[in-house]
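Q: Anchor point for the sequence shown: position 20 equals 19 in numbering that gives the first Met the number 0, and the numbering is continuous, going up by one each time.
First the structure, then my questions, so here it is.
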Amino acid sequence: MSKFQLKNFFKPAYDLMLVFLQFFIIILHFFQWEFLPQKQIIQASPFSYSLGILIIIIAFIIMLVSIKDLGRNLSPFPRPINNCNLVTTGIYRFTRHPMYYSLIFFSIGFFIIKLSIYYLFLTISLALIIKFKIALEEKYLMNKFKNYLLYKNEVKF
């Protein structure tokens, strides 16, 4: 197998791996593993609990709005679906990746509620996976939509 064929073979696998890891890390937020230490960084307080809940609620609202604004263009994969449009209206006027950012905020909210090393690790891991996914998605969007670079320059995040 040549280098070019190998690269084309692994490209869909990389997309799939990023999506799998993203969902896996999100699911880990809902489980407490007995064999993993749940050591808290500092003692959680009612304030940190309330702040965490507020951040999760805001993240959930941002996610719902971004799903509504994406409409039929919604896909968990970084590669745009066939016959899709570039969405630059609604919440996408302010940020290019509100759904990804809402996932990171969701994870930050869980971390603030628990204040444990485990949730800090999940938050950092999810942020890294989403960073790679955004970089890949932006390459696909630049290739698919000629006006994406203009949109990217107008909407910074």
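The C-beta atom is built at its ideal place from N, Cα and C for all residues, glycine as well.
Within its chain, find whatever has a CB closer than 6 angstroms to the CB of K132; leave out the 5 residues flanking it on each side and keep chain order.
A: So the list reads L17, P77, once near-sequence residues are dropped.
Q: Are the CB atoms of I166 and I40 nearer to each other than 8 angstroms?
A: Nothing can be reported for residue 166, as the shown portion of the chain is limited to 0 through 156.
Q: Could you give the DSSP three-state label for Q21: helix, strand or coil?
A: Three-state result, Q21: helix.
Q: Within 10 Å of its beta-carbon, does G108 have 16 or more other beta-carbons around it, so buried, or fewer, so exposed?
A: When all chains shown are included, G108 counts as buried.
Q: Over the uninterrupted alpha helix (DSSP H) stretch that includes N84, give me the two end residues.
A: Element bounds for N84: n/a, residue is neither H nor E.
Q: Report buried or exposed for L125, applying the criterion of at least 16 other Cβ atoms within 10 angstroms of its Cβ.
A: Looking at its Cβ environment, which holds 16 or more other Cβ atoms inside 10 Å, L125 is buried.
Q: Give the secondary structure of S106 by DSSP, where H, G and I count as helix, E and B as strand, and everything else as coil.
A: Helix.
Q: Name the residue from K155, E137, S106 whose alpha carbon lies nearest to the alpha carbon of I24.
A: With distances taken between Cα atoms, I24 lies closest to S106.
Q: Beta-carbon separation of L85 and F144 under 8 angstroms?
A: Cβ distance < 8 angstroms, so L85 and F144 count as in contact.
Q: For chain C, find out if any of its Cβ atoms is closer than 8 angstroms to the Cβ of K138; answer yes or no.
A: Given the protein chain composition of this structure (a single chain), no chain C is represented.
Q: Please report the straight-line C-alpha distance between S44 and I103, rounded to a whole angstrom.
A: Taking the straight line from one Cα to the other gives about 22 angstroms.
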